[in-house]
Every structure is written in C-alpha cells, then in structure tokens.
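**Q** In my numbering, the protein residues as written are 210 to 348.
Pasting a structure below so you can have a look.
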C-alpha cells in the first residue's frame, strides 16, 4: 500500500511520504520461558503436534491469563510472554503479581485437556522479575 501511495503522490507532483519507522518498540517480556522436550517424545509424536504454554492466575480459574502455541518440532524454544499473549483483554498478564505456568503437549490435537496429553507440573512464578522459567516435557 505504501508503494502505491508514493507512486500516486509522485504522479501528482508531490514528494513521497516521510519514511515510516521500521522498528516498533516492544515491551520487555514479563516472563521468559525455556520449553524443552524429551527426545523420546519427539520420536514418538508427529512433528506438528500442538504444544502450549499456559499461564494461570493463582485463584485456580480454568481460563488461562496468557497462552502461547507452538508445534513439537519447534522445541526446544525460548518463549517470551507479555501482555500481547493475554487471553482476555481486560486481564493483561501485567496485572498479575504471581501466576502458575505450565506447558502441555496436546496429543489429541485439541486445545482442551484430553486423556493422553503430556503436561509439566505448574510452577508458581513472579511476573516481571526477569527470572527464567524452565519447563521440560517428558513422558
């Protein structure tokens, strides 16, 4: 679109628009998560098996505060989580002081928990303290 606008302006005898900023400032990650998987799982499951990192409030609500989806073949991965990963617009990750975080391989392919899914134990962490969180998926 930008090229078309500049072309139209040139045809009208006008200068092109000023250069747009190429970099967008992003907020630093509130949580840094290292997700890894046991080799036997990568050998046993399809490469496109969904993996999710889920952040939940300490109140035990079933709805996650934030989530991040990947595929099994993308592991190991460093996952930065911030307010853009929040699930509910009125409840950004930054509003929570402490949360529980876990990772799950959805063996069934469903976003909902199913029998046979492989999940890490939930870890309680402080949001925004910069401490990395390691989650290892194993049978």
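Just so you know, even glycine gets a beta-carbon here, dropped at the ideal spot from N, CA and C.
Give me the Cα-Cα distance between residue 254 and residue 343, rounded to the nearest whole angstrom.
**A** 22 Å
**Q** How is residue 233 classed by DSSP in three states: helix, strand or coil?
**A** No answer about residue 233 holds up, because its pLDDT of 46 lies below 50 and its placement is not dependable.
**Q** In whole angstroms, what is the alpha-carbon distance linking residue 250 and residue 240?
**A** Looking at the two C-alpha atoms, the distance is approximately 25 Å.
**Q** Output the distance between the C-alpha atoms of residue 345 and residue 278, rounded to the nearest integer angstrom.
**A** 15 Å
**Q** Going by DSSP in three states, residue 248 sits in which element: helix, strand or coil?
**A** helix
**Q** Mind the definition here: the stretch 220-227 touches the stretch 272-286 only if three or more C-beta pairs lie below 8 Å; say whether that holds.
**A** no
**Q** With a threshold of 7 Å on Cβ separation, who are the neighbours of residue 266 within its own chain once the five nearest residues in sequence on each side are excluded?
**A** Hits under 7 Å: 274, 305, 308.
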